[in-house]
Structure formats: structure tokens, C-alpha cells
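Add 17 to a position in the sequence shown, counting from 1, and you land on the number used in the numbering used here.
See structure below.
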Amino acid sequence: VIALEAEATVIKAQKDAVDSMNAAVNIGIPKGSTLYFAVDCDPYDEEIEKYVLVYFKELKRILTSYGNLYEIGVYGTRNVCKTVYDSGYAKFAYVADASTGFSGNMGFKMPECWAFDQFRVSVKNDEIYVGNVQIDKVAVSGIDGAVSRLDKNVQTEYEIRKEAAPKMSNFIIMFLEFF
18 VIALEAEATV IKAQKDAVDS MNAAVNIGIP KGSTLYFAVD CDPYDEEIEK YVLVYFKELK
78 RILTSYGNLY EIGVYGTRNV CKTVYDSGYA KFAYVADAST GFSGNMGFKM PECWAFDQFR
138 VSVKNDEIYV GNVQIDKVAV SGIDGAVSRL DKNVQTEYEI RKEAAPKMSN FIIMFLEFF
């Protein structure tokens with residue numbers, strides 16, 4: 018069962034990598050920007066090892082095969098962010114510090130690679146909105162410049178890199194189409 022779960026993790030990472038690049042390119046996110054991938058739960062060390070690192074290793078492999086058009090960022094607890102960063106699979110971290118009850122935040126220092134720190138989720142009577150979108154409170158370190166403009170020229174470069182990227186096996190493509 019664990020082998021199947023690990024294989025499913027790899028396949029999910031492949032799909033997420035391609036889907037996120039397609040979405041970023043389609044809206045014009047400039048090359049070199051960071052795409053953050055969320056671990057929106059509280060995994061223990063053994064789960065981080067078995068699933069999270071396997072997932073991020075595959076993300077990195079896929080994004081690298083496209084010529085590193087985008088950087089990889091991780092969203093999660095302090096423990097998740099530090100572990101993924103220390104393993105070389107993410108450049109920046111978006112720390113889910115608002116989840117104060119998560120064990121992955123308790124007793125762990127803020128990772129050196131933190132770019133964003135979600136320290137408070139909006140609650141009733143303390144809500145911030147931009148249009149109809151509710152905004153959480155987030156500290157910014159400044160190490161990730163984020164996105165300040167869109168660039169439609171990124172599509173041309175992406176198409177060239179996509180042609181050069183290794184093709185996924187037919188099995189994986191059929192599996193992804195099934196979902």
C-alpha cells in the first residue's frame with residue numbers, strides 16, 4: 018500500500034507541476050516568479066519523509082525539466098517549510114503560522130527561507146476585504162519579490178521549453194486523464 022501511495026504522490030506532483038505552470042503562463046506570471054505548493058495539514062516527520070518530500074522532489078524534477086521557468090515555494094507549517102527547503106526542493110516558504118495548534122509550528126524556529134508568514138486568519142469583527150475576497154494577515158520578509166506585473170511574453174518561452182521537456186509516459190498521461 019505504501020508503494021502505491023508513494024506512486025500516487027509522484028503522479029499528483031507531476032499533474033500539479035504541469036497544471037500550475039499552465040495556469041501561471043496563461044495569466045502571465047513572469048518567469049522566475051515563485052509558485053507556492055501547499056501542504057495544508059500537520060504532517061509528522063515520517064509523513065513528511067514519505068509523502069511531502071517525495072512530492073516536492075518530483076515537482077522540482079518536472080519544473081527543472083521545463084528549464085526552471087518558475088521557482089518552487091512551499092506553504093505549510095514551520096517544520097514542513099524547513100524540511101522541504103533543507104532538502105533543496107523549495108527556494109522560499111510561505112509559513113502557515115496562523116495554525117497555532119499544529120505540532121509542526123510548536124517549538125520550531127521560523128525557517129530562514131520564509132518569504133511570507135500567515136500569522137492571523139481573519140475572524141468575525143476583524144475582517145479585511147479586497148473586493149469580495151477576505152484577506153488574512155501576512156508578514157512579508159522581502160526575500161521573494163512576489164508578482165507586481167503580468168507578462169504575456171512568457172507564453173512563447175513556455176511553449177519552446179515545453180517542447181524540449183521530457184515527455185511523460187503514456188501510462189501517466191492516461192492516469193492523469195482518468196482523474
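Glycine included, every Cβ here is placed at the ideal spot set by N, Cα and C.
Nothing here was measured: the structure is a model prediction, and the numbers come from that model.
Separation of residue j from residue i, as counted between CA atoms
i, j, result
"K108", "V27", "20 Å"
"G45", "E174", "11 Å"
"G125", "G118", "Reading off the sequence shown, one finds Phe at residue 125, where the question assumed Gly. Spanning the two alpha carbons is a distance of roughly 13 Å."
"K179", "L52", "17 Å"
"E63", "R95", "15 Å"
"R78", "C98", "18 Å"
"L70", "A34", "14 Å"
"A25", "E66", "15 Å"
"P128", "C58", "17 Å"
"V147", "D153", "11 Å"
"S116", "V155", "13 Å"
"N85", "S37", "13 Å"
"E144", "V157", "19 Å"
"Y68", "C130", "21 Å"
"K74", "K32", "13 Å"
"D168", "D161", "18 Å"
Where residue i falls, given that 16 or more other Cβ within 10 Å makes a residue buried
i, result
"R166", "exposed"
"D103", "exposed"
"Y72", "buried"
"I177", "exposed"
"G105", "exposed"
"D114", "buried"
"N122", "buried"
"V101", "buried"
"G159", "exposed"
"G90", "buried"
Rounded distance between the beta-carbons of residue j and residue i, thought under 8 Å
i, j, result
"L76", "A30", "5 Å"
"Y92", "A55", "4 Å"
"A182", "Y83", "5 Å"
"S50", "E88", "7 Å"
Element boundaries [beta strand (DSSP E), containing residue i]
i, result
"K154", "K154 to V157"
"R137", "W131 to R137"
"T100", "First-last for T100: R95 to D103, but that is the alpha helix (DSSP H), not the beta strand (DSSP E)."
"E51", "Residue identity differs from the one stated: residue 51 is Thr in this sequence, not Glu. Taken as a continuous stretch (DSSP letters only), the beta strand (DSSP E) holding T51 covers T51 to A55."
"N147", "Residue identity check: residue 147 is Val in the sequence provided, not Asn. It spans I145 to V147 - the beta strand (DSSP E) in which V147 sits, taken as one unbroken run."
"Y61", "That residue, Y61, is in no beta strand (DSSP E); it is neither H nor E in DSSP."
"A110", "F109 to V112"
Delimiting residues of the alpha helix (DSSP H) encompassing residue i
i, result
"T81", "L70 to S82"
Near the ligand ADP: residue i beta-carbon under 7 Å from a heavy atom
i, result
"G159", "As far as ligands go, the structure on display features none, and thus does not contain the ligand ADP."
Counting pairs of beta carbons, one from the segment 104-118 and one from the segment 129-136, are three or more of them closer than 8 Å? yes
Inter-stretch contact at 8 Å, needing at least 3 Cβ pairs: the segment 45-64 / the segment 153-173: yes
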